[in-house]
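Residue numbers (the working numbering), protein chains in the order written: chain X, -3 to 108; chain S, 46 to 165. In this text, a Cβ means the ideal position worked out from N, Cα and C, and glycines have one as well. Everything below concerns the one structure shown next.
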Amino acid sequence: SQKIEQNSEALNIQEGKTATLTCNYTNYSPAYLQWYRQDPGRGPVFLLLIRENEKEKRKERLKVTFDTTLKQSLFHITASQPADSATYLCALGNNQGGKLIFGQGTELSVKP
Amino acid sequence: GAVVSQHPSWVICKSGTSVKIECRSLDFQATTMFWYRQFPKQSLMLMATSNEGSKATYEQGVEKDKFLINHASLTLSTLTVTSAHPEDSSFYICSARPGLAVGGTADTQYFGPGTRLTVL
């Protein structure tokens, strides 16, 4: 069955450092992969989308890579700030109806 | 733009009662809306896909008679949890996808803020 795994442990880093979150998947060939931010008690907020034919995407301090051979995406936040503390979700999608499959999320904590 | 609202933001009800949750796209028309459920520390699980004017498509294992979905207009979908039990307590999140005719794409959906349901 389809499976998505994100860093199971919470990630604690120091302000200013780069946070790197991992999303691995099996038994799936996504057309695209998305990263979301979710704060406690809130819905997910879209951050970035990367398609299967793209290797890397950047948006301000965010960078996403997508390796369809390794079946892995890495999500980087450079110059991290305490305000970046949240849970980050990866989601896979295909071109059939727009259904998304979510990972369980990685909780990031940035200490000042 | 692209704001999705949910009402109520939280609800507490007694076991056996029914609860209705509304999902509205405030500034766009959504031909498709999705309903998710999220238990603490777990991922969002898709429950059903709702297309305006037609019956919802439910994911495997989701009881369609228990989770009634109505998508009567291009800006409103409702989820009714019938005869709710404590195990239905969860965080319910909807998302909406703009219609293709108004520039929506298959890979775009906007999420609501969620509704916390607690069944006593």
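- Contact check for glutamine 87 (chain S) against isoleucine 66 (chain S) fails: the beta carbons are separated by 8 angstroms or more.
- A Cβ of chain S is located within less than 8 angstroms of the beta carbon of lysine 95 (chain X).
- Here isoleucine 138 (chain S) is buried. Its C-beta has 16 or more other C-beta atoms within 10 Å.
- Counting along the chain, phenylalanine 136 (chain S) sits inside the beta strand (DSSP E) bounded by residues 135 to 143.
- Taking a 10 Å sphere around the C-beta of proline 40 (chain X), we find 16 or more other C-beta atoms and assign the residue as buried.
- Per DSSP, glycine 159 (chain S) has no beta bridge partner at all.
- Within the segment 109 to 134 of chain S, the complete beta strand (DSSP E) runs of at least 3 residues fall at 112 to 118, 121 to 126.
- Cβ proximity to chain X below 7 angstroms picks out Gln87, Ser88, Leu89, Leu91, Thr94 from the segment 84 to 111 of chain S.
- The beta carbon of leucine 121 (chain S) sits closer than 6 angstroms to those of Arg69, all from its chain and outside the five residues before and after it, given in chain order.
- In chain order, Arg161 place their CB closer than 6 angstroms to the CB of tryptophan 55 (chain S), counting only its own chain and leaving out the 5 sequence neighbours on each side.
- Rounded to the nearest whole angstrom, the C-alpha separation of leucine 89 (chain S) and tyrosine 155 (chain S) is 14 angstroms.
- With at least 16 other beta carbons inside 10 angstroms of its own, serine 135 (chain S) counts as buried.
- Of all residues in the segment 49 to 63 of chain X, none has a C-beta nearer than 7 angstroms to a C-beta of chain S.
- Setting aside the 5 residues that flank it on each side, glutamate 103 (chain X) is surrounded in the same chain by Ala6, Thr83, each with a C-beta closer than 6 angstroms to its C-beta; the list follows chain order.
- Within 10 angstroms of the beta-carbon of leucine 145 (chain S) lie fewer than 16 other beta-carbons, which makes it exposed.
- Residues of the segment 21 to 49 of chain X with a C-beta less than 9 angstroms from any C-beta of chain S: Ala27, Tyr28, Gln30, Tyr32, Gln34, Gly37, Arg38, Gly39, Pro40, Val41, Phe42, Leu45, Arg47, listed in chain order.
- Arginine 142 (chain S) reaches chain X at Gly94, counting residues in chain order whose Cβ is nearer than 8 angstroms.
- A Cβ-Cβ distance of about 6 angstroms is found for the pair leucine 85 (chain X) and glutamine 34 (chain X), placing them in contact under the 8 angstroms criterion.
- Inclusion of lysine -1 (chain X) and tyrosine 32 (chain X) in the CB contact set at 8 angstroms is not warranted, their separation being larger than that value.
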